[in-house]
Structures are given as structure tokens and as C-alpha cells.
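Asks: Below you'll find the structure I mean.
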Amino acid sequence: MSIGQNIPHDSSRGHVSGGSVFIDDRLLTQKEVLILPVGVPAASGTVKNIYTDIAAQQEGVLAVFTAKDLHHNAWGTIIPEQPILVQDKIGYYDEPAVLLVGTSMEALLRARSHIKFEIEKSEPILSIDDAIRKNSFIYKANAFVTGDVDAALAKAPHKLKGEFECGGQEHFYLESQACIAYPLEDGQIEIHSSSQHPSETQHVVAEALGLSLHEVVCIVKRMGGGFGGKESQAAPFAAMAALVATRMQRPARLCLSKDDDMMMTGKRHPFKNFYEVGFDNDGRILGLKAHLYADGGAYADLSSSILDRAMFHIDGAYYLPNAHIEGSVCRTNFHSNTAFRGFGGPQGTMTIESILEDIAVYLKKEAFEIRELNCYGVEKNNVTHYGQKLDHNPLPELFARIKKDSDYERRRQEIDVFNRSQSGYIRGLSVTATKFGIAFTARFLNQGNALVNVHKDGTVQVSTGATEMGQGVNTKIQQIVAHAFGIPPQDVKVMTTSTEKNHNTSPTAASSGSDINGAAALKACVALQKRLAWLFQHIIHGTPMNDIAECPPLEDAQLRLEDFIFSGKELQHLPTKQTIAWPDLVKRAYLNRISLGEYAHFKTEGLGFDKARSMGTPFSYFTNGVAVSEVQVDTWTGEYKVLRTDILMDLGRPLNPGIDRGQVTGAFIQGMGWVTTEKLYYNKDGKLLSHSPTTYKIPNIQDTPREFHVHFIENNENRQNVHRSKAVGEPPFLLGISVWTALKDALKYRSGKTLPYIKSPATPEEMLMELSRYE
Ligand code: MTE
Ligand code: QUE
Ligand code: MOS
């Protein structure tokens, strides 16, 4: 019975003992070379010439490669427009252009300064405003329209028009982009990559080298964090390593330094959103009109899907009777922005949470009540602005319970009193919610496959397309398989992910890694269960061993699977109470020449979204949660602390509550970092200045809430997902927004008649600037 148990993460011992192997921990093989990518020193323009001769002559340099060495030099998950190495047109500052190859990184770093570029520079686009002015767009979305927003705004007693701006975010995975390519016989190649998307990596490598897909294998043991940053962007670095490996016929290793990784790879999309909202005297939203602008950076990458998800999540947890939502992705001269936990969802939801704060201040009402008033209902007001009806909506319950559990009303009164005292500090308190749609909005991605092999001693190996990045997908799949056969979890190993075992896989993304791959593994297990139960039925009937025919098609097997229980390391037949030990059963199956391996394919049912009308059911279900955060701001310095956070989540029936608790706390802190201190700085030429932990501030232990409560509600109703669990990876990221709205709430105590206005991240500098506006 391992479902719902807190079994430890399958790498927990390895991670603390150093036993876990990441890409750069792999032992150097004979003749292996190292690769140092070198970026261009300009954000836009054309490369006229690259002088590599002197660098090539430096001691320790074995080879130099540039764009002209590639068979095919364009990649891109949705639009194949991004060069692997800069060809002529420059997209962004520090974009990879040259590969230096040698056996000593010190030598390569010394040689780097000898690479000279001749560049014809042009004026870079370095902001969303500038892109809008210059009409520089990658994608314009179809509008989402519900009701009649113009009529609603015309009739609304109150209107607010404004803008909301949030910054990007560095993924800050501990393991940078990393890959080793091994040349094999016959022109084949084996790629070991830190990638969330092995199939995409296989694809980009094959195309770049002019190979077919069956000549490339991509293997992923684990990542030291991905957070979306290794979904598309692991692939070009794998292609660089593969190029060197095939050309030199030597294993080739490319592991970026932290600084190079931060400069060369994309981040979360900054957004600038313009809106007009109409509401009644109570604060009920009557209509919302908005245009979302995402900063896509230099290339398309996944930006269009990310913008779509932002538009899907502009409602947050709140009912919009009339809405007209538009969106555009700007093309700028920054690194190409990419997937990051939440995938546009946070940028959409934060907009409405900010608007709700403004409505409350404007009407001089308590923001919690405005949120409860606008919250999606259970029986009515439960259809989203894209026409999806919410099933078993727990949001009203979540709001009601967190209000009580966090002692909200008493603390609000205390804060009102505290903020009247002249202590030099002000406090703020705020609740926000997450209602995260689970499924890839690109429907074809909602499929997966799994391979389950039962060995003669009864232990099991399972392989799927899921990649482990710390989130615990392996552990959850291990539990699903162990549960299916009634064996202890230690008798199940989740094997290294590889494109030769599982084909055409989707990225481990959209929080649905365990949903899709767990369901595929379960499907394979059920097929094996049927076969083994069928065998046991014959054993009970005393059929002589040699006479047991091959298992008929499972539909014809005349078997009532409900009569059998796999549990306690044995199979029990309920009607006869007979049992057989699991290892005996497996042995009997083998001797009877019954297959002990199974492969299954799974697809998520019930998805259908009409892109032309922007209406339908893009999501399988929603994962919901609420958070209350309290902050204290030093009015002299703008610095702040999070005094307390309470989180309440609906995760259905969690497969592993301990792992999910880790996901909720981790995602919250990561979300909080995005909206508070994680600010990206670029110089006027577009070069990233904050490219290391000394200049880019992620939360540390001191920044986490002084008091931190994380609880789950019970919900047995999610029949949409494996064992009625719910996806957890991304949804709680959005709860970090409550720290930002709490900071905004604190400001209202000093802002007088004006509405507080802050951008995200609300760095201490941003807070101080806003406070100084009130004096
Ligand atoms: N947790 C850890 N420890 N490391 C990660 O890189 N990525 C997040 C989330 N949790 C991540 C993580 C992101 S962006 C996603 S989409 C999900 O995990 C993916 O895994 P899942 O679908 O198996 O939950
Ligand atoms: C959430 C996601 C992804 C998504 C949509 C989501 C994602 C992703 C894609 C995608 C879209 C179009 C493609 C493609 C991938 O869509 O991660 O190959 O052609 O890669 O709602 O996380
Ligand atoms: Mo997660 S951003 O979908 O990899």
C-alpha cells in the first residue's frame, strides 16, 4: 500500500551523501574533450567576421567550431528560427557563436579573450515599450472574449484603468546546462543531457548533424533542477556537444559555468499588462478588458504557449462575467525567454490579484472580502472566460478555511493598530489564490508511454519519458507500480530516462509529469495484473502446467480482476481465499512462457479547445490553493521581512504528501523570490550584469517566512487523474504573489489618497521609492 505514503525521495540519500551522479560527475572517458561556448559582445547587428586563428593557436586548444560547421543551424520547439551558433544576425548579447575545444578548461578560458568579432552593430530593442513602439512582435494571440465587456464597462459604477508590470526570473537551478556526447559506431551518437525534454534534444541534435532520429539516443539520469529552463533550452547545447563529438570522434563535454549559463540562456518572461476594470459598489468585477505584452526575447521558443497560459490565468480564482483579453509577444534583444514554473500563469494571475488590491483600496474595503465576493462559485459563477466549467470547485472552502486558520480578522485589527504607531515599520497582510489549469494547452503533448519489466525474482524496473529534476516524479511512479503489484517500493526501480526505451515523449512539464507517466505506468501494470491473475486462475483450477495456453487477448480472458488483490507481496483470489506469493507467481509465469514485460500508452481524455473561438476545455482539472502572508516593512530603508505565511492547498489525494509538501514550500519560496528580490539588471547595451549569486538575489533561509504553515484539505473527488491525485509542481508558485500583495497592502497605510503602485519585483529600493512618493 505505498500510495499516499511518505516514502523518501529515491535520490534523497544520494543527494546528501554525494552519490547522485549529475552530468559533470560522470567520469572522464579516454580522449574526452571539453567545450567552452563563447558569446557575441553585442545585442543586435550582424557578425561580419569572427577571427579564431589566434585562439586556435593557443596552448591547450584542440579545435574551434562556428556556425558554418553545422549541417543545420536553426532550432525551436514551436518555430524553428533560433540559430544554435550565431550565423550573421545577432539576437542578444552573449549569444553563443564559437565553440572552443580542448582538454583543460583553464586553457580554454585563457584562449577565450583571443577570439575577435567584427560586428556591424544596430540599435537593440531593450524593453517591451520599445518593442511596442517599433512594432516588433513574435506572436499575437486570438482574443479571449466572454460576454460584452464594453457594455459592462459603460454601465459599471466604478472603473480603474492601469498597468501592471513584472520582471523576469533566472531559473537558478544548481546544475547549469550540461551535456556529454559520445560518438558511437556507424555514425550514431549517444547524448547524456540535463534535459527536461529528451525527445526534443534527440530531435535538435539529429537535425543539426543531418542524422535521422534513430541514429540519436538521448539519456537523462536526472537534473540538478530544471524549473522549465531545460525544457527547450537544453537542446542547443546538446547539439553543440554532438557537433564536436562527431567531428572529432571523441566524447565531448559541455557544462556551462553559472555565469555563462545566466548570460546565455532564457528566463521567465517579463510582462507589461494594460487593463481597464469595471466594478460595482461592493467591489464585484463586472468587466475586465486587458492586453498582455510578454517580452519574448530574441526568438520564439515557447513564448506563444506561455502567453496563452497567461491569458488563461488572467482570471486567477475569480469569476469574470465579461472579459476581453488580448495578448502579444514582443521580440526584443534579450536572451530568448522560456518556460519557467507557472509558464505564464503567474504573470496572468498576479495582474488580477493586483487589480483586486486596487479595488479594495479604492472602495476603502477589506481586500479579503473583495476576493471572497469575486471568487468562483460552486453552483453558479463557475465558468471561466474561456468557457470551461469548474468541477467540484474548492476555492470558496479554501478562502473560508484559511481566513479562520490564519486568524485573519484578529491580525488585521492588530495591524491597523500597529500601523498607527510611529515605530518606523509598517505591516501588511494579504491573501491570494492559485487556480492552475492542469494539462498542456497544446493538446498533442498530453500523452505518454511506459515500459514495465518484471524480473524473475519479482523485482520490477519501470521506464517512462518522465525526467527527474528533484520534483519526485520517480518516487511517485515507483509508488504507483509497487502499489499495483502489492510489493514494497524498494522492489521497484525507476530507470534512467532514455529515448530508446520511450519514444516521442512530451517534456516533463506543465506539472503533469506524474499524471501522464504515472498513468501510463499504471496502465502497463494493469495489463500485467490481468495476465498474472489469469495464470493464477489456472493454477487454482489445477490446470497442468504444460497445458496452460498462451494468455488470450485480455478482453477475452474471462477474468474478474475485482476478484484478485495484489497486496502484501502476494496475490489473493477473494472467492477461494487462495494466495500465491509474488515471487512464486512470477516464476510460474516465466516457466509457462507468459510475458513479464508490458508497454503502455496513455492519453489524457476530455480535452478540447477551439483556438479560433478561444473557447472549450483546455484543462483536465485545476489544482487550487490559497495563501495568507504578513510582511513588515522598514519605512526608512524599504527592507522587509515575511513574518508569517499560511498555505492551504487542494492536492486531491496526494500520492506522496511529504514530497508534495516539499513542492508547495519550495514553489512558494521561489515565487516569493520572483516578486521581491530577484531583479535582472542589464547595461545600456543589453548585457546582463546580474549573472551570478553576488548580483542576483534569490531567497535564503533568512528571507523565508518566520512562521510558516502548510496544510492540505481532503478532496476525494478528482477522478480525472491517477489515484485521484492532483498535480503539484507549478500551482503553489503562484502563492508567492501573496507576499507582493502584502507589501502593497502595507503601503496603503501611508499612501493617503493615492493608490499604491509598485512593480514586481518589489525590491527594497522599489518600496523606498514608492514610500518617498507619499511624503
Ligand atoms: N521541483 C524541483 N525540485 N526541481 C525542479 O526543477 N520543476 C518544476 C516542478 N517542481 C522543478 C520542481 C516545474 S517547472 C514543473 S513543470 C514540475 O516540477 C515538473 O514535474 P512534474 O510534472 O513531475 O511535477
Ligand atoms: C504548458 C506547458 C507547455 C505547453 C503548454 C502549456 C510546454 C510546451 C508546449 C508546447 C507547445 C507547442 C509545441 C510544443 C510544445 O506547450 O511545456 O512542442 O509545438 O513545451 O499549457 O508547460
Ligand atoms: Mo515546468 S515550467 O512546465 O517545466
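Residues -16 to 758 (my numbering) make up the sequence shown, in order.
The C-beta atom is built at its ideal place from N, Cα and C for all residues, glycine as well.
(1) I'd like to check one pair, residue 547 with residue 555: are the Cβ atoms closer than 8 Å?
(2) Considering only the alpha carbon of each residue, which of 274, 14, 44 and 263 lies closest to residue 138?
(3) At a cut-off of 7 Å, is residue 285 close to the ligand QUE when judged by its beta-carbon and the heavy atoms of the ligand?
(4) Does the Cβ of residue 305 have 16 or more other Cβ atoms within 10 Å, making it buried, or fewer, making it exposed?
(5) Express the C-alpha separation of residue 672 and residue 224 in angstroms, rounding to a whole number.
(6) Can you give the beta carbon distance from residue 763 to residue 248, rounded, assuming they're within the 8 Å contact cut?
(7) Any heavy atom of the ligand QUE inside 7 Å of the beta-carbon of residue 217?
(8) Could you have a look at residue 287 and say whether DSSP puts it in helix, strand or coil?
(9) Is the CB-CB distance between residue 726 and residue 745 below 8 Å?
(10) Looking at the unbroken alpha helix (DSSP H) that takes in residue 752, where does it start and where does it end?
(11) So the beta strand (DSSP E) residue 126 belongs to, where does it begin and stop?
(12) Decide if the stretch 252 to 269 is in contact with the stretch 323 to 340; the criterion is three or more beta carbon pairs, one per stretch, under 8 Å apart.
(13) Check each candidate in 180, 10, 93 and 23 and name the one with the smallest Cα separation from residue 480.
(14) Can you confirm whether the stretch 633 to 646 touches the stretch 118 to 133 when touching is taken to mean that 3 or more C-beta pairs between the two stretches lie within less than 8 Å?
(15) Residues in the same chain with beta-carbon distance under 7 Å from residue 244, minus the five sequence neighbours each way, listed in chain order, please.
(16) Would you verify that the beta carbon of residue 706 is, or is not, closer than 8 Å to some beta carbon of chain B?
(17) In whole angstroms, what separates the C-alpha of residue 4 from that of residue 413?
(18) Whose CA, out of 103, 84, 600 and 98, lies closest to the CA of residue 71?
(19) Taking the beta carbon of residue 37 as the centre, do at least 16 other beta carbons fall within 10 Å, making it buried, or is it exposed?
(20) The ligand MOS and residue 326: does the residue's C-beta get closer than 7 Å to at least one heavy atom of that ligand?
(21) Confirm, please, whether the CB-CB distance from residue 457 to residue 112 is below 8 Å.
(22) Take residue 437 as the anchor and find which of 675, 74, 740 and 465 has the nearest alpha-carbon.
(23) Alpha carbon to alpha carbon, what distance is there between residue 81 and residue 22?
(24) Any idea if residue 773 is buried or exposed, counting beta-carbon neighbours within 10 angstroms, 16 or more meaning buried?
(25) Does the count of Cβ pairs from the stretch 258 to 278 and the stretch 43 to 51 closer than 8 Å reach three?
(26) Just to confirm, are residue 600 and residue 714 a CB contact at a threshold of 8 Å?
(27) State whether the stretch 11 to 28 contacts the stretch 77 to 97, with contact taken as three or more CB pairs (one from each stretch) at a distance under 8 Å.
(28) Which residues in the same chain have their Cβ closer than 8 Å to the Cβ of residue 95, if we skip the five residues on either side of it in sequence?
(29) Write down the C-beta distance between residue 234 and residue 12 rounded to the nearest angstrom, noting that I regard them as a contact closer than 8 Å.
(30) Looking only at its own chain, which residues have a Cβ that is under 8 Å from the Cβ of residue 135, when we skip the five neighbours before and after it?
(31) Can you determine whether any heavy atom of the ligand MTE sits closer than 7 Å to the C-beta of residue 456, and answer yes or no?
(32) For the beta strand (DSSP E) that residue 143 lies in, which residues bound it at each end?
(33) On the DSSP letters alone, give me the boundaries of the beta strand (DSSP E) that residue 163 sits inside.
(34) Could you tell me which of 40, 300 and 310 sits nearest to residue 355, measuring between CA atoms?
(35) Out of 586, 669, 699 and 616, point me to the one whose CA is closest to residue 27's CA.
(36) Counting only runs of 3+ residues fully inside the stretch 384 to 443, write out the beta strand (DSSP E) ranges in chain order.
Replies: For this structure:
(1) Position 572 of the sequence shown, counted from the start, is the residue given in the question as residue 555. Position 564 of the sequence shown, counted from the start, is the residue given in the question as residue 547. Yes, the pair counts as a contact, with Cβ atoms nearer than the cut-off.
(2) For the purposes of this step, residue 138 is identified with residue 155 of the sequence shown, where counting begins at 1. Measuring from the Cα of residue 138, the nearest candidate turns out to be 263.
(3) The residue given as residue 285 occupies position 302 in the sequence shown. At least one heavy atom of the ligand QUE is nearer than 7 Å to the Cβ of residue 285, so yes.
(4) Residue mapping note: residue 305 aligns to position 322 of the sequence shown, counting from 1. The residue in question, residue 305, is buried, as its Cβ has 16 or more Cβ neighbours within 10 Å.
(5) In the sequence shown, counting from the first residue as 1, residue 224 sits at position 241. In the sequence shown, counting from the first residue as 1, residue 672 sits at position 689. In a straight line, the C-alpha of residue 224 is about 27 Å away from that of residue 672.
(6) For residue 763 there is no data in the structure shown, the boundaries of the chain being -16 and 758.
(7) The sequence position of residue 217 within the sequence shown is 234, counting from 1. Not one heavy atom of the ligand QUE sits closer than 7 Å to the Cβ of residue 217.
(8) On the sequence shown, position 304 is the one that residue 287 refers to. Reduced to three states, the DSSP call for residue 287 is helix.
(9) Walking along the sequence shown from the start, residue 726 turns up at place 743. Walking along the sequence shown from the start, residue 745 turns up at place 762. Taking 8 Å as the Cβ cut-off, residue 726 and residue 745 qualify as a contacting pair.
(10) For this step, residue 752 is matched to residue 769 along the sequence shown. Segment 747 to 757, the alpha helix (DSSP H) holding residue 752.
(11) Counting from one through the sequence shown, the residue named residue 126 turns up at place 143. From DSSP, residue 126 is part of no beta strand (DSSP E); its letter is neither H nor E.
(12) Yes: the two stretches touch, three or more of their Cβ pairs being nearer than 8 Å.
(13) Position 497 of the sequence shown, counting from 1, holds the residue named residue 480. Ranking 180, 10, 93 and 23 by Cα distance to residue 480 puts 180 first.
(14) no
(15) Here residue 244 refers to the residue found at position 261 when the sequence shown is read from its first residue. Result list for residue 244: 159 and 160, in chain order.
(16) The structure shown has no chain B; it contains just one protein chain.
(17) Position 21 of the sequence shown holds residue 4. Position 430 of the sequence shown holds residue 413. Roughly 42 Å between the two C-alpha positions.
(18) Looking up residue 71 in the sequence shown gives position 88. Out of 103, 84, 600 and 98, 103 has the C-alpha closest to the C-alpha of residue 71.
(19) Position 54 of the sequence shown, counting from 1, holds the residue named residue 37. Result: exposed.
(20) Numbered from 1 along the sequence shown, position 343 holds the residue referred to as residue 326. Yes, the beta carbon of residue 326 sits closer than 7 Å to at least one heavy atom of the ligand MOS.
(21) For the purposes of this step, residue 112 is identified with residue 129 of the sequence shown, where counting begins at 1. For the purposes of this step, residue 457 is identified with residue 474 of the sequence shown, where counting begins at 1. Between residue 112 and residue 457, the gap from beta carbon to beta carbon reaches 8 Å or more.
(22) The residue given as residue 437 occupies position 454 in the sequence shown. Taking only the C-alpha atoms, the option nearest residue 437 is 465.
(23) Taking the sequence shown and counting its residues from 1, one reaches residue 22 at position 39. Taking the sequence shown and counting its residues from 1, one reaches residue 81 at position 98. Taking the straight line joining both Cα atoms gives about 7 Å.
(24) Nothing can be reported for residue 773, as the shown portion of the chain is limited to -16 through 758.
(25) no
(26) For the purposes of this step, residue 600 is taken as residue 617 along the sequence shown, with counting starting at 1. For the purposes of this step, residue 714 is taken as residue 731 along the sequence shown, with counting starting at 1. No, these two residues do not count as a Cβ contact at 8 Å.
(27) The count of Cβ pairs closer than 8 Å, one atom from the stretch 11 to 28 and one from the stretch 77 to 97, reaches three, so the stretches are in contact.
(28) Along the sequence shown, one-based indexing puts residue 95 at 112. Only 19, 21, 38 and 83 meet the Cβ criterion.
(29) The residue labelled residue 234 in the question sits at position 251 within the sequence shown. The residue labelled residue 12 in the question sits at position 29 within the sequence shown. That belief holds up - the Cβ atoms of residue 234 and residue 12 are roughly 5 Å apart, short of 8 Å.
(30) As a first step, residue 135 is located in the sequence shown; it is residue number 152 there, counting from the start. Hits under 8 Å: 261, 269, 270, 304 and 305.
(31) Your numbering for residue 456 matches position 473 in the sequence shown. Yes, the beta carbon of residue 456 sits closer than 7 Å to at least one heavy atom of the ligand MTE.
(32) In the sequence shown, counting from the first residue as 1, residue 143 sits at position 160. Annotation: the continuous beta strand (DSSP E) that includes residue 143 extends over 141 to 149.
(33) On the sequence shown, residue 163 is found 180 positions in, with the first residue counted as 1. Counting along the chain, the beta strand (DSSP E) containing residue 163 begins and ends at 161 to 166.
(34) As a first step, residue 355 must be located in the sequence shown, where it is residue number 372. Closest option to residue 355, Cα to Cα, is 300.
(35) Looking up residue 27 in the sequence shown gives position 44. Among 586, 669, 699 and 616, the Cα nearest to that of residue 27 is on 669.
(36) If one requires a minimum length of 3 residues, the beta strand (DSSP E) runs lying completely within the stretch 384 to 443 are 408 to 421 and 430 to 437, in chain order.
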